[in-house]
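Those protein sequence lines, which keep their order, are chains A and B.
Quick note: the first sequence uses my numbering, first residue 502, plus one each step.
Quick note: the second sequence uses my numbering, first residue 101, plus one each step.
For every residue, glycine included, the Cβ atom is placed at its ideal position computed from N, Cα and C.
Predicted, not measured: the structure shown is a model, and the values here were computed from it.
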Amino acid sequence: MTKYLLGVAAIALMAGSVQAEDTSGKRIALSNNYAGNSWRQAMLQSFEEVATKAVADGVVAAADAYTTSENQATEQAAQIQNMILQGYDAIVMNSASPTALNGAVQEACAAGITVVSFDGVVTEPCAWRIAVDFQQMGREQVDYLATRIPDGGNLLEIRGLAGVFVDDEISAGIHDGVAKHSQFEIVGSVHGDWAQDVAQKAVAGILPSLPEIVGVVTQGGDGYGAAQAFKAAGRDMPLIVLGNRQDELQWWSDVHAESGYETMSLSIAPGVASLAFWVAQQILAGEEVPKDLTVPFLTITQDTLAESLETTPAGSVANIAYGMEDAKEVIASAK
Amino acid sequence: MSFFSRYRILLPVISLAVLLAATFYMQPRAMSYFGLNLLFNLAVPIALATIAQMMILMVNDIDLSIGAFVSLVACVTATFLNDAPLLGLLILAALILAYAAMGAVIDALELPAIVVTLGMSFVWGGLALFILPSPGGAAPGWLRTLMTVKPPLMPMAVVASILIAFVTHMLIIRSGFGTVLRGVGGNARAISRAGLSVTRLKAWAYGLAGFFGVLAGMALVGLTTAADANIALRYTLLSIAGVILGGGEFTGGKVSPTGAVIGALTLTLAASFLSFLRLSPDWQIGSQGAILILVLTARLIFSRKGDAA
Chain A
502 MTKYLLGVAA
512 IALMAGSVQA
522 EDTSGKRIAL
532 SNNYAGNSWR
542 QAMLQSFEEV
552 ATKAVADGVV
562 AAADAYTTSE
572 NQATEQAAQI
582 QNMILQGYDA
592 IVMNSASPTA
602 LNGAVQEACA
612 AGITVVSFDG
622 VVTEPCAWRI
632 AVDFQQMGRE
642 QVDYLATRIP
652 DGGNLLEIRG
662 LAGVFVDDEI
672 SAGIHDGVAK
682 HSQFEIVGSV
692 HGDWAQDVAQ
702 KAVAGILPSL
712 PEIVGVVTQG
722 GDGYGAAQAF
732 KAAGRDMPLI
742 VLGNRQDELQ
752 WWSDVHAESG
762 YETMSLSIAP
772 GVASLAFWVA
782 QQILAGEEVP
792 KDLTVPFLTI
802 TQDTLAESLE
812 TTPAGSVANI
822 AYGMEDAKEV
832 IASAK
Chain B
101 MSFFSRYRIL
111 LPVISLAVLL
121 AATFYMQPRA
131 MSYFGLNLLF
141 NLAVPIALAT
151 IAQMMILMVN
161 DIDLSIGAFV
171 SLVACVTATF
181 LNDAPLLGLL
191 ILAALILAYA
201 AMGAVIDALE
211 LPAIVVTLGM
221 SFVWGGLALF
231 ILPSPGGAAP
241 GWLRTLMTVK
251 PPLMPMAVVA
261 SILIAFVTHM
271 LIIRSGFGTV
281 LRGVGGNARA
291 ISRAGLSVTR
301 LKAWAYGLAG
311 FFGVLAGMAL
321 VGLTTAADAN
331 IALRYTLLSI
341 AGVILGGGEF
351 TGGKVSPTGA
361 VIGALTLTLA
371 ASFLSFLRLS
381 PDWQIGSQGA
391 ILILVLTARL
401 IFSRKGDAA
C-alpha cells in the first residue's frame with residue numbers, strides 16, 4: 502500500500518515537474534524591516550514555519566529571514582544589497598517605505614532577482630506586490646457601524662504611525678466611509694501607533710474634550726487600549742472595531758459574556774508572509790504571475806470569535822497559514 | 101610618541117582593512133566591482149553626513165539634528181528640486197543659510213549646541229513631514245545618473261569616497277581657512293585675540309555642515325530614487341560614531357576628514373558583515389556597538405601608551 506502511494510506521489514511529482522521548473526535549488530530570502538509588535542512577530546513565525554517545511558520537503562534550497570536592527574529604509578536598502586551579494590534567487594520583502602527602497606529593488610531586479618513585496622509594498626514596477634486594500638479596510642469599518650448604529654453619531658478615530666502610508670490609506674478609507682454614511686461624524690482623531698499602550702494614553706488624553714462617542718474606528722493593535730481608556734474614564738463603552746489581536750479578542754469575549762457586547766474585528770493575517778513566499782516560489786517555478794495581487798483580510802465576527810480566540814496564542818494576532826494552493830488561487834484570481 | 105598616536109589615521113585604516121578582509125572571506129562575491137559598489141554605495145551619503153558632523157565637532161559643538169536635516173533635504177530634493185529645479189536650489193541654499201545662522205546664534209548667545217540642535221531636529225522633521233506627508237517623490241534624473249554612474253576601474257562608491265576625503269582634507273587640513281576653523285575648536289580665545297570673529301567662523305563651520313548635509317540628502321535620494329520624511333534619522337548617531345571612529349575628538353578641534361570618511365565606510369561595512377554572519381537581528385545592534393567599543397578601546401590604549409612614552 503505504502504509503495505503504491507509512493508508511486509502515485511512520484512508520478513504526481515513528475516507530472517508537476519513537467520509544467521513547472523524545479524525550484525529545489527533556489528534560495529529565497531525574507532527582508533523584514535521591523536519586528537517590534539505582535540503582528541510582526543506572528544508574521545516572522547508564519548514565514549519560519551512555512552519556510553522550514555518547504556526546505557525540509559525540498560521545494561526550495563534555503564529560505565532565510567532577515568530583520569533590520571532598526572526600522573529604517575536606509576538599513577533595509579543595505580540589507581537588500583547584501584542579499585544580492587549573497588546570491589539569493591528571490592527576495593520576499595515587507596518594506597519600510599513604498600518608495601525609498603526602489604533604488605535597491607532596481608539593483609536586485611537588474612541582478613536577475615525576483616522581488617516580491619507584501620504588506621508594505623514597493624512602487625518599483627519590476628517588483629511584485631501583494632497588497633491589501635487598506636482603504637477598503639477603513640470603509641468596511643464604517644459600513645459595519647452603519648448596520649449596527651443606523652442613527653449614527655460621533656466617532657473617534659485612532660490612527661497608526663504618522664508618516665506611514667498604511668496609516669494614510671486606512672484613514673482615507675474611513676473618511677470615505679464617513680462621507681458615504683453621513684449620519685456619522687469624526688469628532689476626534691489620535692495617533693495610537695498600532696500599540697495598545699500608546700493608544701490608551703492618547704485616547705485618555707483626548708476623551709475629556711469629546712462629546713458622547715458611539716463608535717471607535719481603529720487600525721488594529723489599538724482597540725484594547727482604547728477600551729481601557731474609556732473604562733478608566735467611566736464613560737459608556739462605544740462600539741470599538743478591533744484588529745484581531747489576542748488581547749482585543751479576549752476582551753471582546755469577556756465583555757460579550759458579561760453584557761452581550763458585539764463588535765467585529767478585521768486585519769490582515771500575518772500569514773501573508775507565507776503567501777508571499779509561495780508566490781515567489783511560483784514565479785521561480787516559471788509561473789506567469791501578474792505584478793499586482795490582492796490578499797483578502799481576515800474578518801472575525803461574533804460567530805467566529807470563539808474559534809479564532811482558541812487558535813490565537815496569548816500576545817499574538819489571529820492568523821492563517823497560506824499554502825502553495827492558496828498562492829495559486831490568488832494568482833489565478835488576479836489574471 | 102608611539103607610532104599609532106603619531107599617525108592617527110592608521111587605526112581607522114587598519115580597522116577598515118580587517119573588516120573588509122573578513123567580509124571578503126565570508127562573502128567572496130563582494131570582492132568585485134559590482135560587489136564593492138553594493139557594499140559601499142549607501143555609505144556615500146553617510147560619509148557626507150559624517151563630514152557635516154565633523155564640521156560641528158571641529159568647533160567643539162555637537163549636532164543632534166543632522167539626521168532630520170538630511171531627511172528634510174531628501175524630501176526637498178525628491179519634490180521641489182525635481183519639479184522646479186530653480187526653486188529647489190533656492191530652498192537648499194536657504195537651508196544652508198539657516199544652518200549658518202544657527203551657528204552664529206549658538207555662539208553669539210552662548211547657547212549649548214546640543215540643546216539648540218536637538219530643538220532644530222524637530223523643526224527639520226516637521227518641515228520634512230510638511231513637504232512629504234507620505235513617502236514618495238522622485239529623484240531628478242541627473243542625480244540618479246550621477247549616483248549610478250559606472251566609472252572605469254573603480255566603482256562609484258569608492259571614487260566618491262576618495263573624492264570626498266580629498267576635497268575636505270584640502271579644505272580643512274591644508275588650507276589656511278581650515279586651520280583657523282580648527283583653531284576655533286582648539287583655542288577660541290586665541291582666535292578672537294588674533295582679531296577674528298569667532299561668531300563668524302562658527303557660522304562658516306555650521307554653514308559648511310549644512311552644505312555637506314545637503315549633499316548627503318541629495319546623494320541619498322540619488323540612490324533610493326525617492327524620499328521619506330524619516331529616511332535618514334539614524335544618520336545623527338552614525339555620523340557622530342563615524343567621526344570618532346575615524347580618529348576625531350569631541351573637543352579641541354582635532355578632526356580628520358579622511359578618517360571620518362573611513363569611519364563612515366567602516367560602520368556601513370560592520371552592518372553588512374554582521375548580516376553575512378547570519379547573526380540574529382536581536383544581537384545586531386549590540387554587536388555593532390561592540391565593534392565600535394572595540395575600535396575605540398584600541399585607540400585609547402594606543403594613545404595612552406603614546407602619552408606615557
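Opposite residue i in the DSSP bridges: which residues?
i: Tyr567 of chain A; result: A:Ser532
i: Leu657 of chain A; result: A:Gly689, A:Val717
i: Leu740 of chain A; result: A:Gly716
i: Leu246 of chain B; result: Paired residues: none, contrary to the question.
i: Ala327 of chain B; result: B:Gly236
i: Phe619 of chain A; result: A:Ile631
i: Arg746 of chain A; result: A:Val818
Output the boundary residues of the alpha helix (DSSP H) element that contains residue i.
i: Val176 of chain B; result: 166 to 178
i: Phe311 of chain B; result: 298 to 324
i: Leu116 of chain B; result: 110 to 126
i: Arg274 of chain B; result: Note, Arg274 of chain B: premise wrong, no alpha helix (DSSP H); not H, not E.
i: Glu670 of chain A; result: 666 to 681
i: Gln607 of chain A; result: 603 to 611
i: Pro145 of chain B; result: 143 to 158
i: Pro651 of chain A; result: Counting along the chain, Pro651 of chain A falls outside any alpha helix (DSSP H), and DSSP gives it neither H nor E.
i: Glu210 of chain B; result: Element bounds for Glu210 of chain B: n/a, residue is neither H nor E.
i: Gln783 of chain A; result: 773 to 785
I'd like the span of the beta strand (DSSP E) that includes residue i, first residue to last.
i: Asn595 of chain A; result: 591 to 595
i: Trp629 of chain A; result: 629 to 632
i: Ile847 of chain A; result: Residue 847 of chain A falls outside the range modelled here, since chain A spans only 502 to 836, and no answer is possible.
i: Asp793 of chain A; result: 793 to 795
i: Ser766 of chain A; result: 766 to 768
Give me the chain A residues within the contact set of residue i, using Cβ-Cβ distance strictly less than 8 Å, ordered along the chain.
i: Leu142 of chain B; result: Thr575, Ala578, Ala579, Gln582
i: Ile229 of chain B; result: The amino acid at residue 229 of chain B is misidentified as Ile; the sequence shows Leu. Ala663, Gly664, listed in chain order.
i: Ala327 of chain B; result: Thr600, Ala601
Which residues in chain A have a C-beta closer than 7 Å to the C-beta of residue i? List them in chain order.
i: Asn330 of chain B; result: Gly664
i: Arg129 of chain B; result: Leu586, Gly588
i: Gly135 of chain B; result: Leu586
Quick one: Cα of residue i to Cα of residue j, how far?
i: Leu514 of chain A; j: Ala239 of chain B; result: Note that Leu514 of chain A scores a pLDDT of 47, beneath 50, so its modelled location is shaky; the value from the coordinates is reported in the next line. In a straight line, the C-alpha of Leu514 of chain A is about 48 Å away from that of Ala239 of chain B.
i: Val643 of chain A; j: Gly722 of chain A; result: 18 Å
i: Ile340 of chain B; j: Ala564 of chain A; result: 36 Å
i: Val756 of chain A; j: Ile231 of chain B; result: 44 Å
i: Gly285 of chain B; j: Gln573 of chain A; result: 33 Å
i: Thr366 of chain B; j: Gly342 of chain B; result: 8 Å
i: Gly537 of chain A; j: Ser598 of chain A; result: 17 Å
i: Ser132 of chain B; j: Leu138 of chain B; result: 10 Å
i: Thr299 of chain B; j: Leu218 of chain B; result: 20 Å
i: Ser518 of chain A; j: Lys554 of chain A; result: Unreliable placement is indicated for Ser518 of chain A, whose pLDDT of 42 sits below 50; the coordinate value is still reported in the next sentence. Distance between the alpha carbons of Ser518 of chain A and Lys554 of chain A: 19 Å.
i: Ile264 of chain B; j: Leu377 of chain B; result: 30 Å
i: Ala168 of chain B; j: Gly313 of chain B; result: 10 Å
i: Val688 of chain A; j: Ser539 of chain A; result: 29 Å
i: Asp668 of chain A; j: Gly761 of chain A; result: 31 Å
i: Val717 of chain A; j: Trp383 of chain B; result: 39 Å
Count the other CB atoms, across all protein chains shown, that sit within 10 Å of the CB of residue i; report buried if there are 16 or more and exposed otherwise.
i: Asp652 of chain A; result: exposed
i: Pro814 of chain A; result: exposed
i: Pro255 of chain B; result: buried
i: Tyr43 of chain B; result: A question about residue 43 of chain B goes unanswered here, because the residues of chain B that appear run from 101 up to 409.
i: Val623 of chain A; result: buried
i: Ala511 of chain A; result: Unreliable placement is indicated for Ala511 of chain A, whose pLDDT of 48 sits below 50; the coordinate value is still reported in the next sentence. Exposed, by the Cβ-count rule.
i: Asp804 of chain A; result: exposed
i: Gly295 of chain B; result: exposed
i: Thr62 of chain B; result: Absent from the model: residue 62 of chain B. The displayed extent of chain B is 101 to 409, so no value can be given.
i: Ser834 of chain A; result: exposed
i: Arg404 of chain B; result: exposed
i: Pro791 of chain A; result: exposed
Name, please, each residue of chain B whose Cβ falls closer than 7 Å to the Cβ of residue i.
i: Asp669 of chain A; result: Ser234
i: Tyr725 of chain A; result: Near Tyr725 of chain A there are no residues of chain B at all, since even the closest Cβ is about 26 Å away, more than 7 Å.
Given that residue i touches chain A, what residues does it touch there, using C-beta distances under 9 Å?
i: Thr324 of chain B; result: Ala574, Thr575, Ala578, Ser598, Thr600, Ala601, Leu602, Asn603, Gly604, Ala605
i: Phe376 of chain B; result: Asn583, Leu586, Gln587
i: Ser372 of chain B; result: Ala579, Gln580, Gln582, Asn583, Leu586
i: Thr368 of chain B; result: Ala579
Cβ closer than 8 Å: which chain B residues qualify as neighbours of residue i?
i: Glu608 of chain A; result: Leu138
Give a yes or no on whether 8 Å exceeds the smallest Cβ distance from residue i to chain D.
i: Leu227 of chain B; result: Protein chains A and B are contained in the structure displayed, whereas chain D is not.
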